[in-house]
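Asker:
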Amino acid sequence: MCTCVRVHAKEFFCSVMFLRENNVVEAKANASSHAPIWSICSTDTLNNTANHEQNNHVVWILMDSILFVAIVLGNVLTILAIAWARRLRNVVSNYFILNLAVSDLMVGVTLPYHLAFYVNATLHHNKSVCISRFVMFCFACGGSIYNLIVIAIDRYIAIVHPLSYNTYATKKRVLLTIVVAWICIMGMSSIPIYWNCFDISQICELETVLPRYYIVAIQMPAFFLSWVAMFILYWKIWREAYMHARRMNSGIVPNIAEKNDRKSVQVVLLILGCFSICWFPYFVVVCMRTFGWRTKSMGIWYKSTFALAVANSGMNPFIYAWKNTNIRKAFQKILHLKSPNNNLNSSFKMYLEKQHALKNQTEHVQDDRNANGNNNLHEHLADHPRLDPAEENRTEI
């Protein structure tokens with residue numbers, strides 16, 4: 001009898017423990033699936049998604065490697081061309097192009113850091129390494145986007161208010177603008193160092209590390225305000241260029257005027273189109289992931305849009321730098337292992353040679369006059385009054 005009671009008691013205890021464990025698992029699942037979207041940190045687990053996407057790591061590694069090479073080469077050439085060529089370095093507006101190339105180069109340099117998370121899974125559980133992944137990305141991409149806005153403002157002042165451009169675009173003000181920009185970007189991108197949702201049991205992804213309030217209240221408004229500012233500025237630039245072209249083309253054949261109008265529209269569409277196509281899909285996917293919209297293919301969409309956003313840093317050298325004739329010529333000389341200052345040096349040498357030839361001719365004329373005798377020279381000066389010194393110097397030159 002006692003043995004029977006003991007057996008039944010043991011079975012009852014085991015069944016209670018089993019039901020308790022099931023209830024705990026269900027409670028955790030319900031808590032993660034029904035977490036409020038406005039909670040500070042995401043409670044969704046991404047481990048199953050990570051295992052599902054592990055087979056696609058080779059594709060992302062190959063894609064990011066290609067982007068890394070393209071971004072680094074394009075922006076390094078831009079930096080060398082502007083920093084090396086005196087003609088380009090003396091143009092104040094090129095400082096913004098140089099600063100944009102530096103920020104885009106930083107975007108490319110962060111890519112190997114992201115690739116390391118595909119290769120070494122243990123990095124996901126290291127807090128400092130994980131948080132640095134997003135701090136570096138926010139810092140580099142934030143600098144790139146901010147520099148695009150500064151370039152738009154610079155072009156707006158140059159085209160819409162050309163008479164005031166030299167007053168505003170001084171070297172001191174340009175350098176001050178660049179320094180203030182980097183300080184603001186550093187402050188905004190360093191927030192996750194002190195405010196994050198890192199959990200060692202989760203993999204290192206955007207929505208598991210960055211707080212939802214940080215994404216919704218800081219990152220997204222900053223991007224959309226940047227896009228609206230660029231749209232308004234380039235719309236006003238295009239309108240001013242269109243009206244100016246109409247005034248200039250009033251006496252030109254209509255077909256040529258229409259061609260110029262199409263060209264100005266193409267430039268604006270190229271700038272805004274590349275920026276919108278590269279960055280809008282990424283922020284849409286970030287919004288979806290932040291608010292808990294999750295599917296099996298969401299990870300693929302996120303990595304694809306991330307690569308597209310990063311690709312904008314590889315397009316900027318072509319859009320902003322390589323379309324400039326002087327910068328393009330400097331590129332060609334650098335690729336041919338020549339100094340971009342060769343044209344300047346040859347022009348200066350030609351100038352010196354001409355000055356030396358004029359000096360030799362002048363000395364030769366003076367020698368001829370001395371050979372003919374000073375008397376004839378004095379008679380000539382008496383018959384012909386001496387020119388004004390300024391006029392004399394001008395005629396000799």
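Note that full-length UniProt numbering numbers the sequence shown so that position 328 is 328, with each residue one more than the last.
Ideal placement from N, C-alpha and C gives every residue a C-beta, glycine not left out.
Computed from a prediction, not measured in an experiment: that's the story for all the values here.
Please state whether the Cβ-Cβ distance between Pro192 and Val216 is less than 8 Å.
Answerer: Their beta carbons are not under 8 Å apart, which means Pro192 does not touch Val216 by this criterion.
Asker: Is it true that the CB of Thr110 sits closer than 8 Å to the CB of Pro317?
Answerer: Result no, Cβ atoms of Pro317 and Thr110 do not sit closer than 8 Å.
Asker: Indicate whether the contact test is met: 3 or more Cβ pairs, each with one atom in the segment 129-139 and one in the segment 97-116, closer than 8 Å.
Answerer: yes
Asker: So, Phe271 versus Tyr234, is the Cβ gap smaller than 8 Å?
Answerer: Looking at the sequence shown, residue 271 is not Phe but Ile. Yes, they are a contact pair.
Asker: What are the start and end residues of each continuous alpha helix (DSSP H) run of 4 or more residues lying completely inside the segment 90-157, in chain order?
Answerer: If we require 4 residues or more, the alpha helix (DSSP H) runs fully inside the segment 90-157 come out as 94-119.
Asker: Under 8 Å, do Gly108 and Ser313 count as touching if we go by C-beta distance?
Answerer: Taking a C-beta distance under 8 Å as the contact criterion, Gly108 and Ser313 qualify as a contact pair.
Asker: Tell me whether Thr305 is buried or exposed, calling it buried when 16 or more other Cβ atoms sit within 10 Å of its Cβ.
Answerer: buried
Asker: Using CA atoms only, rank isn't needed, just tell me which of Leu175, Val92, Thr290 and Phe68 is closest to Arg155.
Answerer: Selected option, being the one with the closest Cα: Val92.
Asker: In whole angstroms, what separates the C-alpha of Ala152 from that of Ile200?
Answerer: 43 Å
Asker: If I measure Cβ to Cβ from Ala309 and keep anything under 6 Å in the same chain, skipping five residues before and after, which residues do I get?
Answerer: Cys278, Trp279 and Tyr282
Asker: Would you give the residue range spanned by the alpha helix (DSSP H) that Val180 belongs to?
Answerer: Counting along the chain, Val180 sits inside the alpha helix (DSSP H) bounded by residues Lys171 to Ser189.
Asker: Using a 10 Å radius around the Cβ and a threshold of 16 neighbouring Cβ atoms, would you call Ser189 buried or exposed?
Answerer: buried
Asker: Taking Gln332 as part of the alpha helix (DSSP H), name the residues at either end of that continuous run.
Answerer: Judged by DSSP secondary structure, Gln332 falls within the alpha helix (DSSP H) whose first and last residues are Thr325 to Leu335.
Asker: So for Tyr213, helix, strand or coil by DSSP?
Answerer: helix
Asker: Decide yes or no for the touch test of the segment 80-94 against the segment 321-337: beta carbon pairs closer than 8 Å, at least 3 of them.
Answerer: yes
Asker: Is DSSP giving Thr295 helix, strand or coil here?
Answerer: coil
Asker: To the nearest angstrom, report how far apart Ile203 and Ala121 are at their CA atoms.
Answerer: 9 Å
Asker: Looking only at its chain, what residues have a beta carbon closer than 7 Å to the beta carbon of Leu80, apart from the 5 residues adjacent to it on each side?
Answerer: Apart from sequence neighbours up to five positions away, the residues of its chain that approach Leu80 with a beta-carbon distance below 7 Å are Ile334, ordered along the chain.
Asker: Regarding Ala217 and the ligand NAP, is the C-beta to nearest heavy atom distance less than 7 Å?
Answerer: This structure simply doesn't include the ligand NAP, nor any ligand for that matter.
Asker: Could you check what DSSP says for Gln266 in three-state terms: helix, strand or coil?
Answerer: helix
Asker: Over the uninterrupted alpha helix (DSSP H) stretch that includes Glu240, give me the two end residues.
Answerer: Looking at the DSSP string, the run of the alpha helix (DSSP H) that includes Glu240 is Met220 to Met248.
Asker: Assign Phe224 to one of two classes, buried (16 or more other C-beta atoms within 10 Å of its C-beta) or exposed (fewer than that).
Answerer: exposed
Asker: Between the Cα of Tyr165 and the Cα atoms of Lys172, Ile157 and Lys171, which residue gives the shortest distance?
Answerer: Ile157
Asker: Can the beta-carbon of Met186 be found closer than 8 Å to that of Ala140?
Answerer: no
Asker: Can you give the Cα-Cα distance for Ser144 and Ile183, rounded to whole angstroms?
Answerer: 14 Å
Asker: Going straight from the alpha carbon of Gly299 to that of Gly74, what length do you get?
Answerer: If you take the alpha carbons of Gly299 and Gly74, they lie about 29 Å apart.
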